[in-house]
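For reference, the structure discussed in these notes is given below.
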Amino acid sequence: MSVTIEVASSATDELLAGMNKLLPQLSTTAPPLELADLERIIGSPSITLFVATENSELVGSLTLAIFPIPTGLRAWIEDVVVDGSSRGAGVGEALIGAAVNEARKCNARSIDLTSRPDRESANGLYQKMGFVLRETNVYRYPIEG
Ligand SMILES: CC(C)(COP(=O)(O)OP(=O)(O)OC[C@H]1O[C@@H](n2cnc3c(N)ncnc32)[C@H](O)[C@@H]1OP(=O)(O)O)[C@@H](O)C(=O)NCCC(=O)NCCS
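Just so we're aligned, residue 84 is where the sequence shown starts under the working numbering, counting upward by one.
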């Protein structure tokens, strides 16, 4: 399988359709993206949207946020997803590798992410890629819903 990893540079209808195929595989509650949402993501200076394609089909994506805070330039990985039909072939690993390279290039001090313990594939992937489990409490303040 020949998969290409690149940074999404424009919000096209094709990319939107691909993202909306991936999104339900990541979240059962996230509403479908609209073109304006995709434009906002791609246009944000702190966000890099990595896309994995095979034969021009979107098979995976990852969102990297890089932001300056008082303790330094930090990075966060969110919304890692590979299409069900393309899993187990190294696409997730390639997406994480691209994000790590980008964060390193930007001189970010660290990269954080979270993953529910029941996401076995994701936890296996992150550990294989060198992410180390931290002892911390993760909190969320629900604003909508
Ligand atoms: C997690 C996910 C992105 C992995 O993508 P993938 O392309 O299948 O992963 P890869 O093929 O690159 O696998 C890389 C490593 O991840 C781990 N891994 C992948 N699938 C696994 C599985 N089913 N069980 C255990 N470990 C697994 C392994 O360490 C694997 O390395 P190996 O092949 O040498 O054993 C994919 O399963 C997915 O989209 N899951 C649903 C959405 C999700 O949970 N996203 C993460 C949110 S935190």
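All C-beta atoms in this analysis are idealised placements derived from N, C-alpha and C, irrespective of residue type, glycine included.
1) Any heavy atom of ligand 1 closer than 7 Å to the CB of ALA158?
2) Measuring alpha carbon to alpha carbon, tell me which of GLU218, GLY173, ARG223 and ALA181 ends up nearest GLY207.
3) Give me the pocket residues for ligand 1, defined as CB within less than 6 Å of any heavy atom, sorted by chain position.
4) With DSSP as the reference, label PRO128 as helix, strand or coil.
5) In the DSSP assignment, what are the bridge partners of GLY143?
6) Assuming contact is defined by CB atoms lying nearer than 8 Å, are SER193 and ARG157 in contact in what I supplied?
7) DSSP three-state call for ASP195: helix, strand or coil?
Let's see:
1) no
2) GLY173
3) GLN108, LEU109, VAL163, VAL164, VAL165, ARG170, GLY171, ALA172, GLY173, VAL174, GLY175, GLU176, SER198, ARG202, GLU203, SER204, ALA205, GLY207, LEU208 and LYS211
4) coil
5) ALA135 and VAL165
6) yes
7) strand
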